[in-house]
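Okay, so the sequence shown: first residue is 7 according to the working numbering, each after it adds one.
The beta carbon of each residue, even a glycine, is placed where N, CA and C say it ideally should be.
Predicted model, so just to flag it, every value in this text is computed and none were measured.
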Amino acid sequence: MDPEIQKMREVVLVYLDRSGGLQKFVHDCKKYNDSKQSYAVYRFIISINPSDIAELDATLGNYILHNPLQSAEIFQSVCFVAIKTLSLIEQLQTEAQISILLKPTHLPPLPSYVLSLSTYPFNYTSQRFYMSEGIVIAMGTVTKYTQGARFLCTEETCPFSEGFRCIRVHCPGATESATVRTDFVCSLCSSPLQEDMKFRVLGDKQIVEMIDAKILNALKGYSIDKSHFRIQAFTLFLRDELANKMTIGNHYRIIGIPACVQNGLQATACIEVSSVQLYKPTGPSSVSDNFKYLLSLTSSSCWRFTAVLANIFASQVVPPGTYNTLKLAILLSLVQTSEKENADYLDLLVMTSDTLVIDRLLNYSLCLLPRGIRHPPSSDIFPTVSKDKHGTGSASIQACSAVLAKGGICYIGDLSSYKKDKLELLQSVLESRTTTVFIPGKKYGEEADQQVTVSVQTNFWSFVDVDSSSKKHIQKENFLIGQMDVSLIPVNLVDGFGLLIYNEFPSGRLSSPVVHHILKKAINPEAMLYKVSQQFRMQDYEEFILFARNLHVVLSSEAESLIQGYYLASRRVRRDSIHGSTLSASALKILISLAKAHAKLSLRQTVLEEDAVIAILLLESSLTLKHGTSALCVAPNPVFPFDLTDENSLQQRDIYLIQCHHQLLKFIAAYSPGIHINTHEE
Numbered sequence: 007m008d009p010e011i012q013k014m015r016e017v018v019l020v021y022l023d024r025s026g027g028l029q030k031f032v033h034d035c036k037k038y039n040d041s042k043q044s045y046a047v048y049r050f051i052i053s054i055n056p057s058d059i060a061e062l063d064a065t066l067g068n069y070i071l072h073n074p075l076q077s078a079e080i081f082q083s084v085c086f087v088a089i090k091t092l093s094l095i096e097q098l099q100t101e102a103q104i105s106i107l108l109k110p111t112h113l114p115p116l117p118s119y120v121l122s123l124s125t126y127p128f129n130y131t132s133q134r135f136y137m138s139e140g141i142v143i144a145m146g147t148v149t150k151y152t153q154g155a156r157f158l159c160t161e162e163t164c165p166f167s168e169g170f171r172c173i174r175v176h177c178p179g180a181t182e183s184a185t186v187r188t189d190f191v192c193s194l195c196s197s198p199l200q201e202d203m204k205f206r207v208l209g210d211k212q213i214v215e216m217i218d219a220k221i222l223n224a225l226k227g228y229s230i231d232k233s234h235f236r237i238q239a240f241t242l243f244l245r246d247e248l249a250n251k252m253t254i255g256n257h258y259r260i261i262g263i264p265a266c267v268q269n270g271l272q273a274t275a276c277i278e279v280s281s282v283q284l285y286k287p288t289g290p291s292s293v294s295d296n297f298k299y300l301l302s303l304t305s306s307s308c309w310r311f312t313a314v315l316a317n318i319f320a321s322q323v324v325p326p327g328t329y330n331t332l333k334l335a336i337l338l339s340l341v342q343t344s345e346k347e348n349a350d351y352l353d354l355l356v357m358t359s360d361t362l363v364i365d366r367l368l369n370y371s372l373c374l375l376p377r378g379i380r381h382p383p384s385s386d387i388f389p390t391v392s393k394d395k396h397g398t399g400s401a402s403i404q405a406c407s408a409v410l411a412k413g414g415i416c417y418i419g420d421l422s423s424y425k426k427d428k429l430e431l432l433q434s435v436l437e438s439r440t441t442t443v444f445i446p447g448k449k450y451g452e453e454a455d456q457q458v459t460v461s462v463q464t465n466f467w468s469f470v471d472v473d474s475s476s477k478k479h480i481q482k483e484n485f486l487i488g489q490m491d492v493s494l495i496p497v498n499l500v501d502g503f504g505l506l507i508y509n510e511f512p513s514g515r516l517s518s519p520v521v522h523h524i525l526k527k528a529i530n531p532e533a534m535l536y537k538v539s540q541q542f543r544m545q546d547y548e549e550f551i552l553f554a555r556n557l558h559v560v561l562s563s564e565a566e567s568l569i570q571g572y573y574l575a576s577r578r579v580r581r582d583s584i585h586g587s588t589l590s591a592s593a594l595k596i597l598i599s600l601a602k603a604h605a606k607l608s609l610r611q612t613v614l615e616e617d618a619v620i621a622i623l624l625l626e627s628s629l630t631l632k633h634g635t636s637a638l639c640v641a642p643n644p645v646f647p648f649d650l651t652d653e654n655s656l657q658q659r660d661i662y663l664i665q666c667h668h669q670l671l672k673f674i675a676a677y678s679p680g681i682h683i684n685t686h687e688e
C-alpha cells in the first residue's frame, strides 16, 4: 500500500473524530442496521471543512479539493474498516457497497476556485470542486435516478455470480446508462453481467438551468455599461436531499463538480451540485455626501427633501422640474421593492400621449435596481412549461420576465398592446402575487397532472397611449368631473395597479424645456446638460435607492389613524346604488405602501402624518382619474401644484400641503366621524 495513502487514511480518521463526523457516521449506520434490510449501496454524506482539514494535513486538504472522487475512495476505505471493526452494519459485505459523498462547507476565496458562467474557456474536464453563482431561470420536475445497483455474473462457477462484488454507483456527471445497462461484462471471467433488480437503489434528481447574474444588465433595455459579453445558461444536477432546494428566479451560490454529459451527438457542460446557498447581496451602508447635504438643507420640512429629489431626478432623460408627480411615483415604487414574501408592492400605470418620453423615463429608472427587467413583447411575462432538453422527457418550468424581476421592477411597456388573455392573467397576478403553472401528466410522462404555484414578487410598470386608445374604440360621454376614459383596459386590471398617473401638459404638447432637451440629447447623447446631473450621478441614485429600500419603517399611530380615517370616509363617499363602494379592497394596502415608501424616500424609519398626507393625495388623484372627483375634491396635480424653482416655491408648497392636511381632517370628521384624529391644535 502506498504510504502516502495510508497516512491520509489516518488523518481522515483523526479529522472525523475531531469534527464530530465520526459520531454522525455511527448514527447514520445505526439507521441502516436497525432496518435489517440489505442494500446494494449504503450512502453517507460527510461534511468537509477545507480549512480545518488543511491544518491537520495540507496534502490531504489539497487532495480533497482537487481530486474529490479519489478522496472519496480514501474516506470509503476508512468508513468500511470502522463499520467492520465496530460491527455497525451487519448486512454490509463489501467495501464497494459504501458510497461516500464529500460536501465542502466552503472553498478557499481564491480566483482559481471560482467558476464564472460567462468566462471562457470553461474547464469542465478537471473533476474538482468549484464555486459559482447565478440566477435560476428554469427548473425541471423531480424525477428518479439510480444511485447504485448490484450486478451478478451469468457464469455460475464465477465467484462474482453471488454476493456484492459487482456494485455500480452513480458518479458526478454520469448519465443513467453509465450506472445501469445490459452490456457490462465480468472483470474476472468476461462473461455478461446481469442486474439484480430487487437491489436497485433509486434517488431523486432535479435538473435546473442557471445563468450568470450579468444577464440582468442585458435585460434592462438600457445601460450606461457599453461592454460586450457572452452569456450561456448552465445545467445543474440537484440530487436527493438537494432536490427542491432551489426556487426559480432566486440568486444562488453553489459548490459543485463540473462535468460533460453526452446526450446523443450533443454534449452539455453541467455541474453536479454539492451545496446550495441563497445569495443575499448587502446594500450600501449610507448615501452619498451630496444627498446628505441636501437632506440637511431641507430638514425644516418633512416634504421638501422628496420634492427636490423628484424635481431633479432623471435629469439625463428629462429636464429638472418636469414630470414631477410621475418621477415621485417612480421613486416611491423603486424604494418599495423587496424579495420578502409579504412585501408592500407599488405598481404604476401611466396614462400619456408622450409615449417616447415616458418610455425613456421608465426605462432609465428601472436600471437603478439590480433586478430591473424590461419585458420583450415577443416573450411571455409569466412562467411557461416546456419539455426538458436533456432527454428525460420531463417538464421544465421556464422563468420569464416577472420571475427574473424578483425583488425589483418588471416594465411591461404599452398595456393596450396585449391581448385579453394576457391582461386577465396579469390582473390575477396583481391580485394574488402568484401564478399557477399547469403541467399535463400525459404529455410529460407523469401519472397525474400537476399544478405548480410560482410566487411573483415584483412591482409592475406600464403605460397606456391615450391617443392610440382613443382611436381604437368609441369614447363614453357620461364622464364624471376629473374622470379619464380608461375603458380600453378592464376596470379590475386598472384597479390592480396601485397608482394611475396622468401627466400631460396643458396645451397637449411637449413643453419647451422638454423639446430643447430632446434635441440637444439627439445631437450629443453623452452631454451633461444640467449641473445637477454632475452633482447627483446615476450611481449615486443607485446607492440611494438600495439604501432607502432596505430601511425598516413602522407606522406611527397618527399616520395610521389618518390613513384609516381617509379610507373609511372614502368608502362611504365613493359609492353607487348598483355596485356599492367603488374603492377597491386593496386601497388600504396601497395607502400604507405609499406612506411607507415616502418615509423610506425621506430616509426616515417612522411613517409620519406628513407621509400619510402625500400617500392620500397621490391615491385620491389616482381614484379621481378612475372614478371621478369626490367630496375631498383635490386639485388635478395635488402633490406638485406649481413649479419648484427656488426656496420660496418650496415654502409655498409646504403651506399648500398643510392646507390639504386640514382639508383632509375636515373630510374625515364629516364622513368618518367614528375615527378620532389628533390635530395640531389639540
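Residue environment: Q545 is assigned as exposed (fewer than 16 neighbouring CB atoms within 10 Å of its CB, all protein chains considered). For secondary structure counted as the beta strand (DSSP E) over 3 or more consecutive residues, the segment 343-385 holds these complete runs in sequence order: 354-358, 378-380. Here A676 carries a helix assignment [DSSP, helix/strand/coil].
In the three-state DSSP reduction, D40 falls in the helix class (H, G or I). The Cβ neighbour count for Y299, taken over all protein chains shown within 10 Å, is under 16; the residue is labelled exposed. D295 sits exposed, since fewer than 16 C-beta atoms from the chains shown fall within 10 Å of its C-beta. If you draw a straight line from the Cα of Y572 to the Cα of A593, it is about 11 Å long. Less than 9 Å separates the beta-carbon of P74 from that of I263.
Secondary structure of C276 (DSSP, three-state): strand.
Following the DSSP letters along the chain, one finds I254 in no alpha helix (DSSP H), marked with neither H nor E. In the pairwise beta carbon analysis, the segment 63-74 is classified as not touching the segment 84-94: fewer than three pairs are separated by under 8 Å. Taking C-alpha positions only, Q669 is separated from T358 by approximately 29 Å. Each residue's CA atom was taken as its position, placing E653 and P642 some 23 Å apart. Assigned with DSSP and collapsed to three states, G504 falls in coil, not helix or strand. Judged by their CB atoms, S193 and E161 are not nearer to each other than the 9 Å cut-off. Counting along the chain, M544 sits inside the alpha helix (DSSP H) bounded by residues 544-555. Cβ contact annotation for F503 (same chain, cutoff 8 Å, sequence separation greater than five): D353, L354, L355, L436, F466, S468, in chain order. For C177, the three-state secondary structure derived from DSSP is coil. Rounded to whole angstroms, the Cβ separation of P290 and F553 is 5 Å, and the two are in contact under 8 Å. In the three-state reduction of the DSSP assignment, I261 falls in the strand class. L609 is a Cβ neighbour of L557, given a cutoff of 9 Å. Comparing alpha carbon positions, the residue from P56, A60, L107 closest to I80 is L107.
Positions of the beta strand (DSSP E) runs, each at least 3 residues long and wholly inside the segment 69-150, are given as 104-110, 136-146 in order along the chain.
In the structure shown, the three-state DSSP call for I52 is strand.
Where Y572 is concerned, there is no enclosing beta strand (DSSP E), although the alpha helix (DSSP H) around it starts and stops at 563-579.
Two segments are said to touch when three or more pairs of C-beta atoms, one from each, lie closer than 8 Å; by this definition the segment 376-390 touches the segment 400-418. Per DSSP, reduced to three states, the secondary structure at K425 is coil, with no helix or strand assignment. With a cutoff of 9 Å on beta-carbon distance, F190 and C172 are scored as near each other. As for any alpha helix (DSSP H) of minimum length 4 sitting wholly inside the segment 180-250, the runs are 182-185, 221-224, ordered along the chain. In its chain, beyond the 5 residues on either side, G169, F170 have a beta carbon closer than 7 Å to the beta carbon of Q99. Rounded to whole angstroms, the Cβ separation of L624 and L600 is 6 Å, and the two are in contact under 8 Å. DSSP lists I415 as the beta-bridge partner residues of N465.
Beta-bridge partners of D420 (DSSP): F469. With respect to the C-alpha of L505, the residue from S339, S25, I52, V142 having the closest C-alpha is S339. Annotation: K632 is outside any beta strand (DSSP E); the continuous alpha helix (DSSP H) that includes it extends over 615-633. Rounded to the nearest angstrom, the Cβ distance from G413 to R366 is 24 Å, too far for a contact under 8 Å.
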